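First the structure, in the form of structure tokens, and then the observations on it.
Protein chains: 2
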Amino acid sequence: MRLFTVFCACFTVILCAQIPAPDLPLMPWPSQAARGSGQFVITQTFTAAISGAGSSATKDDTRVRDAVTRALYRLFRETGIPVSFNLVDEKSSPSFLIVVERKKPGIQKLGDDESYRLSITPDRIRIVATEPLGAMRGLETFLQLVGISPSGFAAPAVEIDDHPRFEWRGLSLDVSRHFIPVDGIKRTIDGLSAVKLNVLHWHLSDDQGFRVESKKYPKLQEKGSDGLFYTQAEVREIVAYARDRGVRVVPEFDMPGHATSWFPGYPELASGKGPYEIVRDPGVLAATMDPTKESTYKFLDGFIGEMAKLFPDVYFHIGGDEVSPRGEWFHNPHIAAFMKKHKLVDFPALQAYFNQRVLKIVSKHGKRMEGWDEILHPDLPKSSLIQSWRGKKSLADAAREGYSGILSAGYYLDLMQPAAQHYAVDPLITSNAPGETASLTPEEQKRVLGGEAAMWEELATMENIDVKLWPRLAAIAERFWSPEDVTDVSSMYRRLDATSHWLDLQGIEHLSEIREMQARLAGDFDPAPLAMLASVLEPMKGYTRHRAQKYGSLTAFNRLVDAIPPESEAARKFNDAVDRGDLDYVRARLTEWRDNAQRVLPLLQSNALLAEDIDVAKAVIEVCSIGLDKTTTDPARLDDLAKPHAEMLIAIAPGVRKVVQKP
Amino acid sequence: MRLFTVFCACFTVILCAQIPAPDLPLMPWPSQAARGSGQFVITQTFTAAISGAGSSATKDDTRVRDAVTRALYRLFRETGIPVSFNLVDEKSSPSFLIVVERKKPGIQKLGDDESYRLSITPDRIRIVATEPLGAMRGLETFLQLVGISPSGFAAPAVEIDDHPRFEWRGLSLDVSRHFIPVDGIKRTIDGLSAVKLNVLHWHLSDDQGFRVESKKYPKLQEKGSDGLFYTQAEVREIVAYARDRGVRVVPEFDMPGHATSWFPGYPELASGKGPYEIVRDPGVLAATMDPTKESTYKFLDGFIGEMAKLFPDVYFHIGGDEVSPRGEWFHNPHIAAFMKKHKLVDFPALQAYFNQRVLKIVSKHGKRMEGWDEILHPDLPKSSLIQSWRGKKSLADAAREGYSGILSAGYYLDLMQPAAQHYAVDPLITSNAPGETASLTPEEQKRVLGGEAAMWEELATMENIDVKLWPRLAAIAERFWSPEDVTDVSSMYRRLDATSHWLDLQGIEHLSEIREMQARLAGDFDPAPLAMLASVLEPMKGYTRHRAQKYGSLTAFNRLVDAIPPESEAARKFNDAVDRGDLDYVRARLTEWRDNAQRVLPLLQSNALLAEDIDVAKAVIEVCSIGLDKTTTDPARLDDLAKPHAEMLIAIAPGVRKVVQKP
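Chains A and B supply the protein sequences, listed in that same order. Following the numbering used here, the numbering of the first sequence begins with 1 at its first residue and continues without gaps. Following the numbering used here, the numbering of the second sequence begins with 1 at its first residue and continues without gaps.
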């Protein structure tokens, strides 16, 4: 402990001599960061030690030791330098010392201390954290800093003092519309941890699939999953894996709507007559649990009791969103009679009744209830948590009424929006629009615990989940972690590019997925021209793809639109070059893309899946030609070309428009 | 059974109507293959069923069911089409029916039937195999045939009747010099199975590391592995994983030489005084087991007994290669006295004595002994198996003396030779050089059971193992499986390119490793120009890299030479174009490569690891310029440029030489 005190004293002195730290390759950006002089060069003599009460590996908590061992392995993968994966004694002058002040055994909780300080000098690296979680966060910061330099792989000298702005920083991940296998979930947890997110909100049931094994009600998975579900052993493995990486796992079982997949196995739970099958199409569906039968609550008591044991986190998400106003409740006279009898004036009141009953069950099993906006009702106890998909007004209303909440509106990754758009959304600071969170009192503001990005899987599969999540999720992670004044979009994109590269080296597969899906499309052809064509394309935004054609969970998602990132890095750089007037760059790119789109045509003509992209390539040729010639006979032509082709947008079209419009 | 008979009758009729099948994307090429007309188009209604006594999933043998389920998943990964992973009833007119005539429970054995017939028509796919192994081989053939076509993903109509030429088709994989983690071993087994290899010869101990947990002698792994070893649970998992994929696992524990890593834990086994540490450098080292002490055999009895239980295969490889003639035996007077007393005239005689003793132990534990050439000795029983690293003369001598053998000379993948060079080596058919296998009688030829590629890991690590193995290993697999007259090199390379693409889609990481290692080198720069420069380079051949500098197991293998394939596909295609006089292609490539090498210079100048490659890029520029100008003032200049740069060769130099020399 004496060593620790001395170290902290030194630390403070060093922090006083701060110099600014622009654009270190960090995301999320730390609370405070200052560059020192020089850098720590990684060599094969690199050693690491852990110290302090919180670092000791107990039966219940080996997190620090394991995280440091993994960090050493990851350092090897970042550098190719064979550092030893074994920890050394702290007295042996280790290169890297991780000090953790106190233990924090047991289940990870909301509000657990995540702060840390990281000091890198040319001679040594030190992390000091109050608790194990902080050490894990600091390790990620260190690993992000390592890069190749004129002196080899090195980390710049820095002094960083860091802690999160919000306590709840999550990803809501839908595995119902499309199943994500265990390795994909683990990889996603790796990614969450890498960018300091701390909640995996696991959307485990919906109309399209029930994804967890119930031993008590086995027909749930037997008839509701096509065989694609997590066994209880796998759930336990994933929960432990997440805890080891500082990530809480909050399960969601959506009820009473979005629950069709429960009913093939247990039709008696439903308000309709059935028979039921797993739903293949997306949407707000008629099938709804019957809130009027005692047997429903008996079943839920059994089920929630079983799941409460399986998922150790104190929060239990019951969904509660989007009960169809013209669904089974509407058509069931028994339900109408029940409502009359209990003086329930409308379906929201009936749902509130249902929620009250479920709340008792959830509480009985030791959990706090969480749900989407719709669960908000005067009778709801204040210990419940509201997840807002409707927006900040809804969140602010909840906070004013005394409820804690988290924001998801604005963070829907399935909408294929650019990172900057999500980045601009802040759970607390907003325009002064009345009713939004900016008008909250400080006390009320404290009830906004953070946010969750959401990834709905109607159009995503296990093959492209990483590219739908990454790197954009890192920008949202920064919004949740970093100080509120960290808002510079240029800096964000520069660091996002570095983070994307880093995540690739960490085993996140966003780049690999694109490469492999495009290689599959290219067949025997060289995939490089297809990759270049694809680099200037983006998928249609929002829910517009659903209007282009009917998609279900059994559709093949193997077209070019499925094999491109939501946001084109090449187009962003092109559009930036247009803005700063770099005409050499602009002309070089347009020439390259035009010639390539010509060259790729034989490949596009060679197979059934790429045939639809011939039109895309021709449009790219025309857009590039317009940009190069700066003449369009018909001004509406660029508008036409900017419309979707094969469900994709030509992302350089806005830049070309500016080129044409410039004098 | 009746169904099966009818099916076979149909099959025979169809085979009679064979038409030639040039260049289907298959490797290894089947014994017999004929194209039918049309193709089977994969849609989401695809279903599979299994049938026959051998398909039934028993407690001991679920191989067929599991292999078909995996094949359905792999079909999804090949196409992106969400086929159901659940098997259907054979009576439900499945798209794909797999018939396995008879069971073959228990441990996979040398000579187990691997034959199968595969029939694809536009309406249905059928595999008929005698035993489970044949079904697995047929599944790979089917999966190789699926590709993208003008009608979508499809497999061409074919009739294939196939069986292996050799019974023993393996890879000898060194995990001592560099450790390969469990997932790398599993991925390698996936690859072996994909190209119908059937033996993983696991070189588990050597001077540089002891890689298996012994519970009886735990200091072996504790002091001999740096913590990098397989637990017994992992070994069992890998052995089961391999069996599920039709691959036998033969362990090798090299003795009495190449055994330094045993001695840090148990110095009493050695012939010298010690103390001993894990060796970091390659070579033939002095440390050798002491064959004169009874305690050595007592130890080996305990150890081999333990390992014999862990590894179910009947073969047990004791290494036996390269005992240093001037090592510990040479310097130990006690050993000299022992030799005199037992009338052992030289060290080979002493080693033969040791082998005799070890053989008794191996036999006692129910195993057959296998070893490298050096174990061959008049007293060796004929049930032993000789693995020849010395060459075909050695193998032929063994066969003449009555020993079975397999060939490894000519198949050393660590020598960075082109696929064609390994492909030209046949375990049996050779030049008529006296003493080689071609001069064997038919009876003696039968003793040549097959061959094993070998991958020694002095210069390979877990980061680039796939690119060192693949796709070249597929060409060797063809040599071991296909009829001896399948020797056309152009056809081989066309199919090898297709197989490389296919292996990438199957999860083999040869392309990913290259991409990721190059991205790491590029840091914040676009890695594309580096990739293009790298595409015309190859690592130095044979053992020459060891002469360029000293390499040990703790060297960082993170340079450009470590991040390129052994054989340049681009250079091969370029050199082919030169040969066929396609000057447009030649000039276009040379221009592209020259301009790119210019463009990549700022990246090469930006960091310590790439600095050595500035010279390479400049040499590429000069080689390309010479090819484009067709003039060299100094004829020796191209010779200079063709020499290694940063341990790499410019693989287009031979083609450019021809360009220059042409009139």
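Using N, Cα and C, we set each Cβ at its ideal position, and we do this for glycine too. Computed from a predicted structure; not experimentally measured.
| query | result |
| --- | --- |
| Cβ shell of His334/B (< 7 Å), same chain only, five flanking positions each side left out | Thr292 |
| Cβ distance (whole Å) where Val68/A is taken to contact Leu87/A below 8 Å | 6 Å |
| Presumed contact (8 Å Cβ cut-off) between His178/B and Ser553/B, rounded CB distance | 6 Å |
| Pro348/A versus Glu374/A: straight-line alpha-carbon distance, rounded | 8 Å |
| Euclidean distance between Cα positions of Arg211/B and Asp60/B | 28 Å |
| Nonlocal neighbours in the same chain, by C-beta distance under 7 Å from Gly52/A, ignoring five residues either side | Phe4, Val99, Val100 and Glu101 |
| When Arg472/A, Gly405/A and Arg400/A are compared against Leu440/A, the one with the closest alpha-carbon | Arg400/A |
| Through-space distance from Lys340/B to Met492/B, alpha-carbon basis | 55 Å |
| Backbone secondary structure at Tyr423/A - three-state DSSP | helix |
| Exposure label - Arg589/A; buried when at least 16 CB within 10 Å | buried |
| Residue from Glu114/A, Asp161/A and Pro150/A with nearest C-alpha to Ile120/A | Asp161/A |
| Rounded straight-line distance, which links the Cα of Leu350/B to that of Val323/B | 11 Å |
| Pairwise C-alpha distance: Ser512/B and Thr461/B | 15 Å |
| Contiguous beta strand (DSSP E) assignments of at least 3 residues, all confined to the region 301 to 385 of chain B | 315 to 317 and 368 to 372 |
| Beta carbon of Leu603/B nearer than 8 Å to that of Leu609/B | no |
| Neighbour list for Ser176/A in chain B, Cβ cutoff strictly below 9 Å | Within 9 Å Cβ-Cβ: nothing; Ser176/A doesn't reach chain B, min ~15 Å. |
| Beta carbon proximity, Thr79/B to chain A, threshold 8 Å | yes |
| Whether Pro565/B touches Val467/B by CB criterion (8 Å) | yes |
| Contact with chain B by Lys498/A, beta-carbon distance below 8 Å | Here the sequence assigns Ala to residue 498/A, which means Lys is not the residue at that position. Yes, Ala498/A lies at the interface with chain B (some Cβ there is under 8 Å from its Cβ). |
| Pro442/A in three-state terms, based on DSSP | helix |
| Supposed close pair Gln232/B, Leu310/B - CB separation, criterion 8 Å | 6 Å |
| For Pro527/A, the nearest candidate out of Val247/A, Ala519/A and Ala154/A (CA to CA) | Ala519/A |
| Sequence-distant residues of its chain with Cβ nearer than 8 Å to Met517/B (five each side left out) | Glu463, Asn464, Asn558, Asp562 and Ala563 |
| Min CB distance Leu652/B to chain A below 8 Å | With the sequence shown as reference, residue 652/B is identified as Ile, and Leu is not the correct amino acid for it. No, Ile652/B does not count as interfacial toward chain A. |
| Assigned exposure category for Ile107/A - 16 Cβ within 10 Å defines buried | exposed |
| Residues that His203/B bridges to, as DSSP identifies them | Asp174/B and Glu252/B |
| Residues bridged to Gly147/B (per DSSP) | Ala154/B |
| Same chain, Cβ closer than 7 Å to Pro529/A, neighbours up to 5 away in sequence not counted | Asn596, Arg599, Val600 and Leu603 |
| Exposed unless 16 or more other CB atoms sit within 10 angstroms - verdict on Arg326/B | exposed |
| DSSP-derived helix/strand/coil call for Ile125/B | strand |
| Residues of its chain near Arg390/B, where Cβ-Cβ distance is below 7 Å and the 5 sequence neighbours each way are ignored | Asp373 and Ala409 |
| Same chain, Cβ closer than 8 Å to Ile81/B, five either side skipped, listed in chain order | Ile42, Thr43, Gln44, Phe46, Leu75 and Phe153 |
| Three or more C-beta pairs below 8 Å linking the region 365 to 384 of chain B and the region 412 to 426 of chain B | no |
| Inter-residue Cα distance where the pair is Lys186/A and Leu505/A | 16 Å |
| Which of helix, strand or coil DSSP assigns to Ser261/A | helix |
| Boundaries of the alpha helix (DSSP H) in which Pro654/B is found, first to last residue | Ala653 to Gln661 |
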